[in-house]
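**Q** Numbering-wise (the numbering used here), the sequence shown opens with residue 1 and increments by one. For each residue, glycine too, the CB sits at the ideal point set by N, CA and C. To start, I am sharing the structure in question, which I have written as structure tokens.
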Amino acid sequence: MPLSNAQTRDIQSLLHPYTNLVKLRETGPVIFERGKDYIEGMAGLWCTALGWGEEALIEVAAEQMRKLSYGHIFAGRSHEPAIALAEKLKDIAPFPVGKVFFANSGSEANDSQIKLFWYANNARGLTKAKKFISRTKAYHGVTMAAASLTGLAGNHRSFDLPLDFVRFADCPHYYRNAMPGESEAEFVARLAKNLTDLIEKEGADTIAAMIAEPVMGAGGVIIPPKGYFDAIVKVLGRHGIPLVDDEVITGFGRTGNWFGAATYGFEPATMTIAKALSSAYLPISAVLISPEISEAIEEESGRIGTFGHGFTYSAHPVAAAVALKTIEIYQERDIVGHVRHVAPRFLARLAKLGEHPLVGETQGVGLLGGIEIVADKATKTSFDPSKTAALTIARFIEEEGLITRPLLGDRIALCPPLVITEAEIDELFDRFEKGLAKGLDWAKKEGAKLG
Ligand SMILES: Cc1ncc(COP(=O)(O)O)c(C=O)c1O
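Following this line, the structure appears as structure tokens:
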């Protein structure tokens, strides 16, 4: 099909993230005008928890723009939306929080995490503690330091990354990474042992923190096996290493609790939040910092004369007002309760997809799901990467009016807005199944071994 005018204008001027830009010249982009016509099975990029067209958020933004469209919080200035949002976040955080630092994206917040730890550690005389432990397949963003924490080759190759302050621990994906015959408990024990070995090899005093997503998102929606966080937290505790909790996807009800930390029963030292913080109506992110680390940062700023970190748009008043209203809506409408109510339906339909000959594994928690496409279920053999199986099937699913997200490892993610109803969940999976049926015809032509 010839490209439309808008598609031609697009490829002449836009540099698209996560795109094969050569292929795009032929296919052109899919251009969306408004949040309609499709079921958005990904809430955009795992972010618009309240869906589109939430008038209360639109009104708050307009009101705040009229009142104070911009104000910064540098050098002792402040404004009410920043203060009120920080207070609210301290209130709902699942661990004691001293101070809140605001940024504009998950990447900036994770970059800030690293700097905050370095700064606080220098203040506390922990001058060797610079390294961060991350995990293979982790996703923590794309700025220089955050991309270094990301454990995906596509974010490193040809970018001269990762920087050398990062060490990678194992990805906790039982289906793919367990040894033959290894039970889930044995798998967890092995990963904990490997983490201990890594820390001891590097020297615990050289490590600033370990960063982890409660559920790995962009790495494939990888749900940790039972007991994983207990085991990891014990290892970190034994070595005095703090845990940085990246809740950019899992925060604000996604897993059936306010935060993934509650779902998996751990208490971090700091936390990164973004995305659903404002239901993506405006860009805003935050780092929640334990009292101990907050105090160390404050003391160091006194010694040096300044805390030399912050963005022009840190705690932008319009974004902060929208985020505050978003959290109030979550509370007023009991969004977490709603997720708990509809999640069993979502998870049951997700599990049913596992019976399909092309589906090797499904994993889910709350309203987050991952589906792995395989060429041979019995042997867990993947399609040849040149077949781009997950991408191909996601396109068939999109033809049925459902937006999903194909990820590496031929996994397809589902992360619908948290306000989805049971009837909409059924519609979502009906469309998924129709797309999958088309995928089966395609796979047969490709000679897949369908057991
Ligand atoms: C867990 C996690 N951390 C960090 C980020 C980076 O956020 P941003 O794209 O806003 O920089 C993402 C984005 O998807 C994410 O999923």
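Cα-Cα, which of Ala-208, Glu-184, Asp-111 and Phe-95 is closest to Pro-291?
**A** The shortest C-alpha separation from Pro-291 is found at Phe-95.
**Q** So is Asp-426 buried or exposed if we call it buried at 16+ other beta carbons inside 10 Å?
**A** It is exposed - the Cβ of Asp-426 has fewer than 16 other Cβ atoms within 10 Å.
**Q** In chain order, what residues of the same chain have a beta carbon less than 7 angstroms from the beta carbon of Asn-104, not counting five sequence neighbours either side?
**A** Answer for Asn-104: Pro-283, Ile-284, Ser-285, Phe-311 and Tyr-313, listed in chain order.
**Q** Identify, in the order they occur along the chain, each residue of the same chain with its Cβ nearer than 6 angstroms to the Cβ of His-173, setting aside the five sequence neighbours on each side.
**A** Result list for His-173: Ile-222, in chain order.
**Q** So the beta strand (DSSP E) Ala-169 belongs to, where does it begin and stop?
**A** Residues 166 to 169.
**Q** How about Gly-256 and Pro-214: do their beta carbons lie closer than 8 angstroms?
**A** No. Outside cutoff.
**Q** Using beta-carbon positions only, say whether Ile-289 and Glu-247 come within less than 8 angstroms of one another.
**A** In this structure, Glu-247 does not lie closer than 8 angstroms to Ile-289 by Cβ.
**Q** For the beta strand (DSSP E) containing Glu-186, list its first residue and its last residue.
**A** Taken as a continuous stretch (DSSP letters only), Glu-186 belongs to no beta strand (DSSP E), being part of the alpha helix (DSSP H) at 184 to 202.
**Q** Between which two residues does the beta strand (DSSP E) carrying Leu-243 extend?
**A** Note, Leu-243: beta strand (DSSP E), 243 to 246.
**Q** Can you give me the Cβ contacts of Phe-187 inside the same chain, cut-off strictly under 7 angstroms, excluding the 5 residues immediately before and after it?
**A** Around Phe-187: Tyr-174, Ala-178 and Pro-225.
**Q** Return the residue from the list Ala-208, Ala-378 and Thr-404 that minimises the CA-CA distance to Ala-120.
**A** Residue Ala-208 is the option with its Cα nearest to Ala-120.
**Q** Exposed or buried, what is Ser-112 when buried is set at 16 or more other beta-carbons lying within 10 Å of its beta-carbon?
**A** Buried is the call here.
**Q** Could you give the residue range of the alpha helix (DSSP H) that holds Glu-298?
**A** It spans 291 to 304 - the alpha helix (DSSP H) in which Glu-298 sits, taken as one unbroken run.
**Q** For Ser-134, report the span of its beta strand (DSSP E) as first-last.
**A** 131 to 135 is the span of the beta strand (DSSP E), which, as asked, contains Ser-134.
**Q** Which class does Val-60 belong to by DSSP, given the choice of helix, strand or coil?
**A** Note: Val-60 maps to helix in three-state DSSP.
**Q** Shortest alpha-carbon distance to Met-144 belongs to which of Ala-185, Gly-439, Asp-164 and Met-65?
**A** With distances taken between Cα atoms, Met-144 lies closest to Asp-164.
**Q** Rounded C-beta distance between Ile-335 and Gly-253? I'm assuming under 8 angstroms.
**A** The Cβ separation is near 5 angstroms, so the contact holds.
**Q** Between Pro-29 and His-16, how many whole angstroms is the CB-CB distance? I'm expecting something under 8 angstroms.
**A** That pair is a contact at about 7 angstroms.
**Q** Return the CA-CA distance between Val-22 and Ile-11, expressed in angstroms with no decimal places.
**A** Going by the C-alpha atoms only, they are around 10 angstroms apart.
**Q** Between which residues of its own chain and Leu-191 is the CB-CB distance below 8 angstroms, once the five residues before and five after are set aside?
**A** These residues qualify, in order along the chain: Ala-169, Asp-170, Pro-172, Tyr-228, Ala-231 and Ile-232.
**Q** Can you find a heavy atom of ligand 1 that lies under 7 angstroms from the Cβ of Val-322?
**A** No, the beta carbon of Val-322 sits no closer than 7 angstroms to any heavy atom of ligand 1.
**Q** Would you give the residue range spanned by the beta strand (DSSP E) that Met-144 belongs to?
**A** From DSSP, Met-144 is part of no beta strand (DSSP E) but of the alpha helix (DSSP H) over 144 to 149.
**Q** Could you tell me the boundaries of the alpha helix (DSSP H) in which Val-318 lies?
**A** It spans 317 to 332 - the alpha helix (DSSP H) in which Val-318 sits, taken as one unbroken run.
**Q** Could you spell out where the alpha helix (DSSP H) holding Val-339 opens and where it closes?
**A** Unbroken alpha helix (DSSP H) run through Val-339: 335 to 353.
**Q** Just the Cα atoms here: how many angstroms apart are Pro-317 and Glu-33?
**A** Rounded to whole angstroms, Pro-317 to Glu-33 spans 27 angstroms at the Cα level.
**Q** Whole angstroms are fine: how far does the CA of His-140 sit from the CA of Leu-347?
**A** So the two alpha carbons sit approximately 26 angstroms from each other.
**Q** Taking DSSP's pairing of strands, which residues face Asp-376 in a bridge?
**A** Paired residues: Thr-381.
**Q** For the candidate residues Pro-162, Arg-333, Asn-122 and Arg-124, whose alpha-carbon lies nearest to that of Thr-136?
**A** Checking every option, the nearest Cα to that of Thr-136 belongs to Pro-162.
**Q** In this structure, does DSSP put Ser-285 in helix, strand or coil?
**A** It is a strand residue.
**Q** Thinking just about the alpha-carbon of each residue, which of Thr-206, Phe-266, Ala-321 and Ile-83 is nearest to the one in Ser-69?
**A** Here the closest residue by C-alpha is Ala-321.
**Q** Can you tell me whether Thr-272 is helix, strand or coil according to DSSP?
**A** Reduced to three states, the DSSP call for Thr-272 is strand.
**Q** DSSP state of Val-365, grouped into three classes?
**A** Val-365 falls in the strand class under three-state DSSP.
**Q** What is the C-beta distance between Ala-269 and Arg-124, in whole angstroms, given that I count them as a contact (C-beta under 8 angstroms)?
**A** That belief does not hold up - the Cβ atoms of Ala-269 and Arg-124 are roughly 13 angstroms apart, past 8 angstroms.
**Q** What is the rounded straight-line gap between the Cα of Ile-412 and the Cα of Gly-98?
**A** Distance between the alpha carbons of Ile-412 and Gly-98 is about 38 angstroms.
**Q** Would you report the Cα separation of Gly-369 and Gly-401, rounded to the nearest angstrom?
**A** Their Cα atoms are separated by approximately 18 angstroms.
**Q** May I ask you to report which of helix, strand or coil DSSP gives Ile-207?
**A** Ile-207: strand per DSSP, three-state reduction.
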